[in-house]
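Trainee: Got a structure for you, written out below as C-alpha cells; questions coming shortly.
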Amino acid sequence: MASTTQPVEKRSIASRIGMVLLYIALGIVAVFQIYPLIWLFIFSLKTNTEVFGNSPFALPEDPRWENYVRAWTDGNIDMYFFNSVWITAVSVIATVLLASFATFAITRMNWKLSKPVLGLFMIGLMVPIHSAIIPLFSFYNDMGLINHPLSLIITYTAFNLPITIMILLGFYITLPREIEEAAVMDGASIHRMFFQITLPMTSPVIATTAIINMIYNWNEFVFVNTFISSDKWKTLTVGINNFVGQYLTDWGAIGATLIISIVPILIAFLILSDRIVEGIAAGSVKG
Amino acid sequence: MKKVMSNKLVIALYVLPALFLITAVIYGPMILTGYYGLMDWTGIGEMTFIGLDNYKELIVDARFWDSAWHSLLLAIFSTLSLAVYLTISLILAGNIKGSNLLRKIYLIPMLMSSVAIAQLWIKIYDPNNGMLNSVLKMFGVENPPAWLADPKYVLAAIIIAILWQYAGFYIIIYYAALKGVPTELEEAAKIDGATPLQIAYKIKVPLIAGVIKVTIVLAIVGSLKYFDLIYVMTGGGPNGSSEVIASYMYKKAFDTYQFGYGSAVAFFLLIITLVVTWITRKFTADDEEVQY
Amino acid sequence: MQKKWSRRLMMMLAVGLIFILAACGGDDSETEGNESTSGDNESGSADEVVIDFMHLWPEGSSKQHYEIVNEIIAEYEEANEGVTIQTEILGNEQYKEKIRVLSTSNELPDVGMTWAAGYLVPYVDGNMFAPLDDVIEGPLADQFVSGTTEAFALDGTTYGLPLELNITPLYYNKRIFDENGVEVPTTYEELKTAIQTLADNGVTPITLGNKDKWTGSMWYMYLADRIGGPEVLNNAIDRSGSFEDPALIEAAAEIQELVDMGAFVNGYNGLGNDEAKGYFLNEQAAMYLMATWDLPEFTTNEDNPQEFRDSVEYMKFPTVEGGEGDENSFVGGPGVGLFVAEDSDVKDEAKDFVAFFVEKWGEQSVEKAGVIPATKVDTETLDLPEMYIDVLNDLNEATNLTLYADVQMSAAVADVHLDMIQALFGNAVTPEEFAENQENALAEEAGE
Chain B
1 MASTTQPVEK
11 RSIASRIGMV
21 LLYIALGIVA
31 VFQIYPLIWL
41 FIFSLKTNTE
51 VFGNSPFALP
61 EDPRWENYVR
71 AWTDGNIDMY
81 FFNSVWITAV
91 SVIATVLLAS
101 FATFAITRMN
111 WKLSKPVLGL
121 FMIGLMVPIH
131 SAIIPLFSFY
141 NDMGLINHPL
151 SLIITYTAFN
161 LPITIMILLG
171 FYITLPREIE
181 EAAVMDGASI
191 HRMFFQITLP
201 MTSPVIATTA
211 IINMIYNWNE
221 FVFVNTFISS
231 DKWKTLTVGI
241 NNFVGQYLTD
251 WGAIGATLII
261 SIVPILIAFL
271 ILSDRIVEGI
281 AAGSVKG
Chain R
1 MKKVMSNKLV
11 IALYVLPALF
21 LITAVIYGPM
31 ILTGYYGLMD
41 WTGIGEMTFI
51 GLDNYKELIV
61 DARFWDSAWH
71 SLLLAIFSTL
81 SLAVYLTISL
91 ILAGNIKGSN
101 LLRKIYLIPM
111 LMSSVAIAQL
121 WIKIYDPNNG
131 MLNSVLKMFG
141 VENPPAWLAD
151 PKYVLAAIII
161 AILWQYAGFY
171 IIIYYAALKG
181 VPTELEEAAK
191 IDGATPLQIA
201 YKIKVPLIAG
211 VIKVTIVLAI
221 VGSLKYFDLI
231 YVMTGGGPNG
241 SSEVIASYMY
251 KKAFDTYQFG
261 YGSAVAFFLL
271 IITLVVTWIT
281 RKFTADDEEV
291 QY
Chain P
1 MQKKWSRRLM
11 MMLAVGLIFI
21 LAACGGDDSE
31 TEGNESTSGD
41 NESGSADEVV
51 IDFMHLWPEG
61 SSKQHYEIVN
71 EIIAEYEEAN
81 EGVTIQTEIL
91 GNEQYKEKIR
101 VLSTSNELPD
111 VGMTWAAGYL
121 VPYVDGNMFA
131 PLDDVIEGPL
141 ADQFVSGTTE
151 AFALDGTTYG
161 LPLELNITPL
171 YYNKRIFDEN
181 GVEVPTTYEE
191 LKTAIQTLAD
201 NGVTPITLGN
211 KDKWTGSMWY
221 MYLADRIGGP
231 EVLNNAIDRS
241 GSFEDPALIE
251 AAAEIQELVD
261 MGAFVNGYNG
271 LGNDEAKGYF
281 LNEQAAMYLM
291 ATWDLPEFTT
301 NEDNPQEFRD
311 SVEYMKFPTV
321 EGGEGDENSF
331 VGGPGVGLFV
341 AEDSDVKDEA
351 KDFVAFFVEK
361 WGEQSVEKAG
371 VIPATKVDTE
381 TLDLPEMYID
391 VLNDLNEATN
401 LTLYADVQMS
411 AAVADVHLDM
421 IQALFGNAVT
431 PEEFAENQEN
441 ALAEEAGE
C-alpha cells in the first residue's frame, strides 16, 4: 500500500508546483490579452493631447465622457448600429449555411469533381480584397447594387466562404462517418441526414466559424466605404471615419466609437463561445 | 448508401450556390485583375495593351522582391507560431479549472478591429513615450531602439503585432477541434498511465491533424496577402523595410495611379501564393490520404 | 420523410429570399422617397435638379467646416428652387480611396474635392474633370489670391477652385526656448546653434513625423529654397533644370547634418504626423514645422491647455548665409479645391453651385473654421486671433509660394521623392544618390 501511494504523492506535489507555474504563465498571458480592452477604454476618455502625450499607461486627468456623447451623435452611430447588426447576421448565416452545404457535399458525397471544386474554393482564399475592389465596384454598378446593402451581403458571404469551408473541412474529415451511415441505412433522406445529424454534430465548428465570420463582417470597412454612399446603409466601422479630418483626427472619439462597437460583438462572442462546448455535449449525447 | 451519396441533383443543390457566389465575386475580379495586368492604365480613362511588359518590369523590380521576401518571412513565422497557439489550446482544452474564463479572455483581442490594434501597437512601440521602451528603461536599458523607425527592427516588430492579432483566431479553431476529440480515448489512455503531455501529443494532436493542416494553409495564405496593420503602422517604411506584397500592390494601384502595374503585382501574388500553398500541401500530404 | 426535409430546405431558402427582398424593398423605398419629395416640389418649379456633392469634412472631426458647408447648401437651395444638393462625407483617406474607385467606373459625383497639380493629372488625362475657366473669369473674377488657381491648372486650363491657402511656418515653444536660454533664430546658423543647445540640454529640438514623408519633404524644400532660391526645385520638377543642381544636393547634405546633430525627435522615421505633433502639444519638443492648417491647435482649440497655446509662436524659416532664398519665400499653397465632373448631367448647375460655394466659403471659413481660404480675405472686418492676423499679413508680403513638392509632382514621381526623403532622413542614401534617383524618375517620366 505504502509503496504505491508514495510515488503518487510525490508526483502530485511536483504536479502541484507545475500547476502553479502553469497558472502564473496563463495569468500573464491573460493580462496581455485583456489589457488592450482596458487600454482602449482609457484611450476613449482622453483628449488628443493626452492620447499622444506622456505614458500610454497614464489615466486621463479629466475623463472625457463627452467623447461617448460625440461618438453617438456626431458619429451617427445610432443610425449605423442597426445596419451593422443585421448585415452581419444575414451574412454570417448565409456563409455558414452555404459553406456547410458545400463542405458536406465535398467530404461526404461521391463525385468526380469534388477535389477540383475544393481547389476552386481554396484558391478563392488567396485573392486580396484590394485587388478585387475596383472590378467589384463596376460589377455592382452594372447590376444597380451600388448603395444597396445586398452588395455588402453578397461580398461578405462570398469572401468568407473559402475560409469557412476550409475550417469546416478540417473538422468534417475527422468526424466519424458511422452515425451518418447508420442513418442512411435506416432510410433517412440525405437532407434529413444533413440537417438532423451533420449540422448538430458540427455545431462546435459552426459556432467557431460563426464567431470568425461575425468578427470579420463586423469590423469590415473597405467594402462599406466603397459600395455604400448614403448614411442609411452605412455600418459602424465607417462611424470611425467621421472623426478623421483633413488635418485633425479626433482620437478620443474614435476610441469611444471603437468601445461602443466592441460591446455587442463581445456579448455575441461570449454567447457563441459557450456553444463551442455545449455543441460537443449535444453531439456526444446523440452519438 | 453509395447511391444516396452520389445523387447528382443533391450535390449540385449543395455546391452550386457557394460556387456561384465565389465565381461571381472572387473569380470574376481575379480574371479582370489578370487582364488589367496586361495594360498600361492609370485606372482612369483609356487603357493601352502592353502584353507582358508589366511582368518584365516586375521581374527586375527590387522593391517588389524585397516585399515578397518580407511576406514570405511573415508566412514562415505565422506558421511556426501555430505551435504556440496549439500548445495554449491544448492547455485550455484540458480540464483545468478556469479554462472556460481564460479561453474567453484569450480571444478578446480577436474582436478588436485593426484600427484599434494598430493604434495599440503604435503606442506600444512609440520610441519615447511607448509602453515597451518605458518598461525597457525601467530595467535599465539606456537607448532602447526606435522600433518602427529602425529598418533593422521594424519588420520583426510588425510581425510580432500580427502574430498577436491572429492568436485568438487559431486558438479558437484548435480549441473547437480539441473539444471534438472523443473523451473515451483520453480516459483509456489515462488508465494506461499516460501523462497529460503524452495524451496531448500522442493522441489529441494526431486526431486533429486535418485541422492543423488547414490552419497551416490559412496561415500561409493569410500572411502572403496580409495588409492591414502594416499599412497603418508603417506604410511599408522606413525605406521599404516593412513593405509586403499587398501594401506594395496597394501603393501602385491606388496611390501612384499605376493600376496596370498594381494589377500585375496582385496577379503575381496569386501565383506565388498558389505555388507556396502547393509546396506546403505536398509536404503535408502523405498522411492525409489516411484521414480520408 | 424526404418531402418534409426538402420542405424545410425550401423554407430556409425562402427565408433567405425574404431577406434579400426586404433589402431590395428598403432601397426602393429610398429612391421612391427621393422621387416623392421631388414630386412635392414639382408644383413649384419646372425642372428638378439633384447635385451630388462629396466632401471630406465630417461632422465628427471638422464640425465647423461641416456646419458652414450645410449652411451654404441650405442658402443655395433656398435661392435656387428645385435644386437639391446631396452630400456624401468621408474621412480624408477614405475619400481619396473612394474617388479613386469611382473614377475607374466613371461614376464621380457632380461636385467633389480634389488636390492640386500632380493629383489632377490622371483625372484630367482621363477626361474626368470639367474645365472651370469660365467660372474663374466669370462669377469669381478677381476673387482668388493670385497664384492659387494656377496650381489647379494644366496646360492653361483650370480644373479646380481652391478652398484653402496655407503657408508653412516654423512653430516653436517660447517657454522651452526661454528655459534653455535660446534666442529666436533669424539665420540658419543661429537655428543650428539653437538646436545644438537644446539637444545638449536633453530637450528634443524638433518633432517630425516622417513616417508620412511629406513632413520631411517640407524641411528639405525650405533648405533647397534658402540655399538655391525659389526656382531651383521648381525647375528640377518642370524639367527646365536638373535635380542634380548643386544647391539641391547641398540642401540634402544639410538635412543629414541636422539628423546627425540629433535635431529631430528620436524615431522620427517611424512616427506619423499625429504622433509627432503630440510631442509638440505636450511640450516635449521645442519646434514643429507644419502648415497653417494647424493654427487652430495653437489658438482656439480648447483641448490644448491655455498655457501651452500662449507659449506657441512661429518664425519664418531662417535664411541661409550666402543662400539665394529670402525669408518671405514660403513653402505652401492651396490645399483642396472643388472640381465639377465632366460627365455630370447637371454640369451647368454644378458650376453655378461651386461658384456660389467658393464665394460664401471665403466669407466665413477663416472666422468660423480657422481655414484661410484661397479667396481674398479682408482682415479689417474679421475678429481673429493674433496669430491669424500675422499669418495673413505674411501671406500678403510673401515674395514666393512654393507648392509642396509631392503635390507638384505626378503621383509616381512623388512616390520616389517621398521614399527618397525618408531614406535621406534615415541616412540610407547619400545626398548625391538622393538627387540622382529623383533626377532619373523625373527624366524618365518626361521621356528624356
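Chains as they are written, first to last, in UniProt numbering: chain B, 1 to 287; chain R, 1 to 292; chain P, 1 to 448.
Heads up, the beta-carbon is just placed ideally off N, CA and C, and yes, glycines get one too.
Just so we're clear, the structure is a prediction, and the values are computed from it rather than from any experiment.
Taking the alpha-carbon of residue 206/R as reference, which of 261/R, 284/R, 155/R has the nearest alpha-carbon?
Mentor: Considering only alpha carbons, the answer is 284/R.
Trainee: Taking 8 angstroms as the threshold (beta carbon to beta carbon), is residue 283/B in contact with chain P?
Mentor: Only weak support exists for where residue 283/B lies, its pLDDT of 45 falling under 50; the coordinates are left without a value.
Trainee: Using a Cβ-Cβ cut-off of 8 angstroms (strictly less than) and excluding sequence neighbours within five positions of residue 194/R, which residues of its own chain qualify?
Mentor: Only 202, 203 meet the Cβ criterion.
Trainee: Kindly provide the ranges of any beta strand (DSSP E) runs that are 3 or more residues long and lie completely inside the segment 69-100 of chain P, ordered along the chain.
Mentor: For the segment 69-100 of chain P, whole beta strand (DSSP E) runs of length 3 or above, ordered along the chain, are 83-89.
Trainee: Of all the options 64/B, 247/B, 111/B, which has the alpha carbon lying nearest to the alpha carbon of residue 164/P?
Mentor: Of 64/B, 247/B, 111/B, the residue nearest in Cα terms is 247/B.
Trainee: Are there three or more Cβ pairs, one per stretch, closer than 8 angstroms when the segment 82-96 of chain B is compared with the segment 164-178 of chain R?
Mentor: Cβ pair count under 8 angstroms is below three, so no.
Trainee: Using the beta-carbon count (16 or more within 10 Å), is residue 74/B buried or exposed?
Mentor: Buried, by the Cβ-count rule.
Trainee: For residue 119/R, would you say it is in contact with chain P, using Cβ-to-Cβ distances shorter than 8 angstroms as the test?
Mentor: No, because no Cβ of chain P sits closer than 8 angstroms to the Cβ of residue 119/R.
Trainee: What in chain P is Cβ-close to residue 44/R, meaning under 9 angstroms?
Mentor: Residues of chain P passing the Cβ test: 100, 103, 104, 106, 122, 123, 125, 126, 127, 128.
Trainee: Would you list, in chain order, the members of the segment 45-65 of chain B that have their beta-carbon closer than 8 angstroms to a beta-carbon of chain P?
Mentor: Per Cβ criterion, the list reads 47, 48, 49, 51, 52, 53, 54.
Trainee: At 4 residues or longer, what runs of the alpha helix (DSSP H) sit wholly inside the segment 140-224 of chain R?
Mentor: Fully enclosed alpha helix (DSSP H) runs of 4 or longer: 154-179, 183-191, 209-224.
Trainee: Roughly how many whole angstroms lie between the Cα atoms of residue 161/B and residue 273/R?
Mentor: Rounded to whole angstroms, residue 161/B to residue 273/R spans 18 angstroms at the Cα level.
Trainee: DSSP puts residue 51/P in a beta bridge; with which residues?
Mentor: Looking at the DSSP assignment, residue 51/P forms a beta bridge with 85/P.
Trainee: Which residues in the same chain as residue 443/P place their Cβ atom closer than 6 angstroms to its Cβ, once the five residues preceding and following it in sequence are excluded?
Mentor: Result list for residue 443/P: empty, nothing under 6 angstroms.
Trainee: Jot down the residue ranges of each uninterrupted alpha helix (DSSP H) in the segment 108-148 of chain B, minimum 4 residues, whole runs only, in chain order.
Mentor: Taking only runs of at least 4 residues, the alpha helix (DSSP H) segments lying wholly in the segment 108-148 of chain B are 114-124, 129-143.
Trainee: Taking a cut of 7 angstroms between CB atoms, which residues from the segment 30-46 of chain B lie near chain P?
Mentor: Within the segment 30-46 of chain B, no residue qualifies.
Trainee: Does the beta carbon of residue 95/P come closer than 8 angstroms to any beta carbon on chain R?
Mentor: No, residue 95/P lies away from the interface with chain R (no Cβ there is under 8 angstroms from its Cβ).
Trainee: List, in chain order, every chain R residue whose beta-carbon is nearer than 7 angstroms to that of residue 444/P.
Mentor: Result: empty, since nearest Cβ-Cβ is about 12 angstroms, beyond 7 angstroms.
Trainee: Where do the ends of the beta strand (DSSP E) carrying residue 313/P lie?
Mentor: 312-315 is the span of the beta strand (DSSP E), which, as asked, contains residue 313/P.
Trainee: Please determine if the segment 157-164 of chain R and the segment 76-88 of chain R are in contact, where contact requires at least 3 C-beta pairs separated by less than 8 angstroms.
Mentor: Segments in contact, yes.
Trainee: At least one CB of chain B closer than 8 angstroms to the CB of residue 180/R: is that the case?
Mentor: Interface residue, yes.
Trainee: Taking C-beta to C-beta, are residue 338/P and residue 357/P nearer than 8 angstroms?
Mentor: The answer is yes: Cβ separation under 8 angstroms.
Trainee: Inspect the CB distances between the segment 108-120 of chain P and the segment 144-161 of chain P and report whether three or more fall short of 8 angstroms.
Mentor: The segment 108-120 of chain P is in contact with the segment 144-161 of chain P.
Trainee: Relative to the alpha-carbon of residue 124/B, which residue among 10/R, 235/R, 221/R has its alpha-carbon at the smallest distance?
Mentor: Nearest of 10/R, 235/R, 221/R to residue 124/B, Cα basis: 221/R.
Trainee: Please check the pair residue 190/B and residue 10/R, which I expect to be a contact at CB under 8 angstroms, by giving their CB distance rounded to whole angstroms.
Mentor: About 5 angstroms separates the two Cβ atoms, so the contact holds.
Trainee: Would a check of beta-carbon distances place residue 169/P closer than 8 angstroms to chain B?
Mentor: Judged by the 8 angstroms Cβ criterion, residue 169/P is not in contact with chain B.
Trainee: Going by alpha carbons, who is nearest to residue 336/P out of 430/P, 143/P, 162/P?
Mentor: Cα-wise, what sits closest to residue 336/P is 162/P.
Trainee: Mind checking who residue 55/B pairs with in its DSSP beta bridge?
Mentor: Partner(s): none; residue 55/B has no beta bridge.
Trainee: Which chain R residues sit within Cβ distance under 7 angstroms of residue 211/P?
Mentor: The contacting residues are 234, 235, 237.
Trainee: Distance check for residue 40/B and residue 116/R, CA to CA, integer angstroms please.
Mentor: In a straight line, the C-alpha of residue 116/R is about 8 angstroms away from that of residue 40/B.
Trainee: What is the DSSP secondary structure of residue 104/P, reduced to helix, strand or coil?
Mentor: Here residue 104/P sits in helix by DSSP.
Trainee: Taking the beta strand (DSSP E) that residue 287/P belongs to, which residues open and close that run?
Mentor: Its beta strand (DSSP E) spans residues 285-289.
Trainee: Using a Cβ-Cβ distance cut-off of 8 angstroms, determine whether residue 291/B contacts chain R.
Mentor: The shown model of chain B, from 1 to 287, leaves out residue 291/B, and the question about it has no answer.
Trainee: Give a yes or no on whether the minimum CB-CB distance between residue 283/R and chain B is below 8 angstroms.
Mentor: Not one chain B Cβ lies under 8 angstroms of residue 283/R.
Trainee: Counting only runs that start and end within the segment 105-181 of chain P, where is the alpha helix (DSSP H) found for 4 or more residues in a row?
Mentor: Listed in chain order, they are 120-125, 133-137, 174-179.
Trainee: If we ignore side chains and look at the alpha-carbon of each, how far apart do residue 131/B and residue 24/B end up?
Mentor: Straight-line Cα distance between these residues: approximately 45 angstroms.
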